[in-house]
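Residue numbers (the UniProt record's numbering), protein chains in the order written: chain V, 1 to 161; chain R, 1 to 262.
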C-alpha cells in the first residue's frame, strides 16, 4: 500500500491504495466520488472519462499512482459553485441529451474537453470527439445538440434526422 | 488484475535498472497493457511506469527529420508535427479516440507492434530509426512479426527519428468497434523513391509492399497501381474479414492514398 495524493476538483485528497488500483476505482471506492462510471472496463465506452492535468483520459485505463500529484476533474466538479448545473450539464438537460444517464458523466467530461480546445466545434468535429464514448441508448443526436447549445451555437441544423 | 508493485521511474537509467531485476514490465501510456493486465494475460511482479520521465517527451524538427521522444502521446504528436510532417500528424490524430490519444505513447505502440496498430506503418513507411537506451535500429530491422520486435528484454524505446518525405498519406479502413485499422496503408514519397507500408492485413504484422513501391517509384500515379493485386497468402482472416478481403483492401487503400497525394 502506498498513500496516493492528488488534487480532485480543487481539493487535496489522499488515500492508501495498492499498486494495481485504477484511477476510476480510487475515485469511486476510496474517495467515494461515484459520479464517474465504469461501463465496459475495457477502454471502449468512455463512461469513466475524467480530466487529468487538463486533458480527457479513460480513468479505467490509468493507474491511480500515475495520477499522483495531478489535477483531476470529475463530473462532481462540473456544477457551478452554488450547486446549480454548469453550462454543459444544463444543455444536456435542455436538449434531452440523456436517456438512462449512465454514459452522461463521460459525455459531459468529453464535451468539456472538446470545448476547451475548440469553443465552436462543427457537428462533425463533435461526433469525431465522441468517438470513444458510447451511449447504449443510442441517443447521440441529442447529445450532439446539447454540445452545440453549450457552445452557444444553433442546434437546428443537426444532420441525419 | 494480479497484484504487482508499482514503480515510477524518474529517468531512463532508473527504468532500465529496475527492468533488469526479475519479472518487471515497462508501462508506457498503458492503453494496451492495462486491458491486457485486466484480462490476466500478463502477470508482472513489478510495473515500471515510464510516464514521469520528462526526457522521453519531446518533438524536435530539423535537417529534414522529425525526432519524437518515446513517451510522447499521440495527441502531442498530432499537434506538434502538423506543420513539419502533416502525414504523420494526421495518422497520430486518428489513432483510437481522443482520450486514448491523451495517454497512449509512440514508444509503447512501436514496442508492442500490434499487427493492426497505426504507428508501425508510419515508422516502416517513413524508413524511421528507432532509438533505444542502448542503440539505434532501422525500422526495416525493427519489426519482426505479430507483437514481435528486435527489442531485447528490458530495452526501452527512447525516441523515433522520422525522415520527412516530400508527400505522404495514411489511408485507413477502420474497424468500427475497435477503431483499429482493418487494413491501412502509409504511402511516403521521397526524392529517391516511394515507400508503401501496410498494417492490419498480415499475420506477420506490418510489412512493405515491394511491387507497389517499385511501380510508384517509376510512375507516381493511381494508374501505376490500378491493376496491382496483393496475394492473400498469410493475410489475417477473422470475423471482420477474410484473407481475400484484406488483400483486396491493400490495393484499395494504396490507390486512395496515392489519389490524395497527386
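Even for Gly, the Cβ is constructed at its ideal location relative to N, Cα and C.
Exclusion of the five residues before and after residue 29 (chain R) leaves 103, 104, 105, 108 as the residues of its chain whose Cβ lies within less than 6 Å of its Cβ. Residue environment for residue 100 (chain V): exposed (fewer than 16 other C-beta atoms within 10 angstroms of its C-beta).
Residues 44, 45 of the same chain have their beta carbon placed closer than 6 Å to that of residue 23 (chain R), with the five preceding and five following residues left out of the count. Boundaries for residue 255 (chain R): no beta strand (DSSP E) harbours it, while the alpha helix (DSSP H) harbouring it runs 243-261, taken from the DSSP string. Between residue 33 (chain R) and residue 178 (chain R), the alpha-carbon positions lie close to 16 Å from each other.
For the region 32-43 of chain R, the set of positions with a beta-carbon nearer than 8 Å to some beta-carbon of chain V reads 34, 35, 37, 38 in chain order. Residues of the region 90-109 of chain R with a C-beta atom less than 8 Å from some C-beta of chain V are 96, 97, 98, 99, 100, 102, 103, listed in chain order. Taking a cut-off of 8 Å for Cβ pairs, the region 12-23 of chain V and the region 59-70 of chain V touch, as three or more such pairs fall below it. About 5 Å separates the Cβ atoms of residue 74 (chain V) and residue 50 (chain V), confirming a contact at the 8 Å cut-off. Put simply, the backbone Cα of residue 205 (chain R) is about 14 Å away from that of residue 186 (chain R).
The beta carbon of residue 110 (chain R) is closer than 7 Å to those of 119, 120, 123, 130, 157, 160 in its chain, skipping five residues each way along the sequence. Within chain R, the C-beta atoms nearer than 8 Å to that of residue 65 (chain V) come from 6, 8, 49, in chain order.
Chain-order list of chain R residues neighbouring residue 126 (chain V): empty, with the shortest C-beta distance near 11 Å, by a criterion of under 9 Å.
Runs of the alpha helix (DSSP H) spanning 4 or more residues and lying entirely within the region 133-169 of chain R occur at 139-142, in chain order. By the Cβ rule, the region 8-28 of chain R does not count as touching the region 130-147 of chain V, because fewer than three pairs are nearer than 8 Å. Within a 10 Å sphere around the beta-carbon of residue 97 (chain R) sit 16 or more other beta-carbons, which makes this residue buried. Residues of the region 178-198 of chain R that bring their beta carbon within less than 9 Å of a beta carbon in chain V comprise 178, 179, in sequence order. Fewer than three Cβ pairs drawn from the region 225-243 of chain R and the region 136-144 of chain R lie within less than 8 Å of each other, which leaves the two stretches out of contact. For residue 223 (chain R), the uninterrupted alpha helix (DSSP H) run begins and ends at 222-225, by DSSP. Within chain V, the residues placing a beta-carbon under 9 Å from that of residue 3 (chain R) are 18, 19, 20, ordered along the chain.
Counting along the chain, the unbroken beta strand (DSSP E) around residue 6 (chain V) starts and ends at 2-8.
Residues of the region 44-63 of chain V that bring their beta carbon within less than 7 Å of a beta carbon in chain R comprise 46, 49, 55, 56, 57, 58, 61, 62, 63, in sequence order. Look at the region 106-119 of chain V: the residues with a C-beta under 8 Å from a C-beta of chain R are 110, 113, 114. Under the 10 Å beta carbon count, residue 192 (chain R) is surrounded by fewer than 16 other beta carbons and is classified as exposed. Residues of the region 125-156 of chain V with a C-beta atom less than 9 Å from some C-beta of chain R are 128, 129, 130, 131, 132, 133, listed in chain order. In the DSSP assignment, residue 197 (chain R) forms a beta bridge with R:186, R:208.
DSSP places residue 70 (chain V) in the coil class of the three-state scheme, outside both helix and strand.
For the pair residue 104 (chain V) and residue 62 (chain V), the Cα-to-Cα distance works out to about 20 Å. Boundaries of the alpha helix (DSSP H) harbouring residue 124 (chain V): 123-129, taken from the DSSP string. The region 145-154 of chain V makes contact with the region 83-90 of chain V: 3 or more CB pairs, one atom from each, lie closer than 8 Å. Looking at the DSSP output, residue 62 (chain R) bridges to R:65.
Its chain contains 15, 18, 48, 49, 50, 52, 53 as the residues whose beta carbon lies nearer than 8 Å to that of residue 9 (chain R), once the 5 sequence neighbours on both sides are disregarded; these appear in chain order.
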